[in-house]
Amino acid sequence: MNTGTDLGALDGSQAPSATLTLPAKLDLAAYEGVLQGLTAAVPNIAIDASAVESVGTLCLQALMAAHQSHPDSFSITASSDAFAAQTAFLGAPFAQIIPQGDTL
Numbered sequence: 008m009n010t011g012t013d014l015g016a017l018d019g020s021q022a023p024s025a026t027l028t029l030p031a032k033l034d035l036a037a038y039e040g041v042l043q044g045l046t047a048a049v050p051n052i053a054i055d056a057s058a059v060e061s062v063g064t065l066c067l068q069a070l071m072a073a074h075q076s077h078p079d080s081f082s083i084t085a086s087s088d089a090f091a092a093q094t095a096f097l098g099a100p101f102a103q104i105i106p107q108g109d110t111l
């Protein structure tokens with residue numbers, strides 16, 4: 008997990024307090040190692056999904072729960088084409104928060 012500050016406003020008023028860089032494969036190992044405590048861990052978080060090649064449903068559920076818990080302060084700052092396509096296919100409500108110009 009990479010953390011950073013001053014990454015820019017999410018809704019014009021809040022800046023993320025951390026950046027979480029997701030691994031290429033969002034599977035059970037990624038869930039146990041990175042995403043399991045995401046909902047409670049950091050309320051202002053930016054997700055970097057630029058390296059993601061594969062999205063598992065358990066990790067998607069963790070990301071959706073974090074987004075639902077903190078909808079005004081959860082952002083996806085970068086996204087791979089695979090992340091955008093697979094989350095959309097699985098019905099995740101991320102299309103409106105994935106930056107359109109930042110896909111790989």
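Quick note on this note's numbering: the sequence shown kicks off at 8 and runs consecutively. A virtual CB, placed ideally from N, CA and C, is assigned to each residue, including glycine. Keep in mind it's a predicted model, so treat the numbers as computed, not measured.
Chain-order list of residues whose beta-carbon lies under 6 Å from that of residue i (same chain, five-residue window excluded)
i	result
P30	A37
S76	T46
Q93	V62
I105	I83, S86 and A91
Opening and closing residue of the alpha helix (DSSP H) in which residue i lies
i	result
D88	D88 to F96
A25	Counting along the chain, A25 falls outside any alpha helix (DSSP H), though it belongs to the beta strand (DSSP E) covering A25 to T28.
A102	Segment: none, A102 is in no alpha helix (DSSP H) and carries neither H nor E.
A72	T64 to S76
Candidates the options: closest to residue i by CA position
i	options	result
L97	N51, G44, L70 and T46	L70
D88	H77, L35, A99 and V59	V59
A25	Q68, L35 and S82	S82
D34	I52, N51, T64 and G44	T64
Q43	A85, I105, A53 and A73	A73
Own chain partners of residue i with C-beta closer than 7 Å, once the 5 adjacent residues on each side are dropped
i	result
F90	A56, V59 and V62
E39	none
Cβ-based neighbour list, residue i, same chain, cut-off 8 Å, excluding 5 preceding and 5 following
i	result
A99	L67, L70 and M71
D18	Any answer about D18 is weak, because its pLDDT of 39 lies below 50 and its placement is not dependable; what the coordinates show is given next. So the qualifying residues of the chain are D79 and S80.
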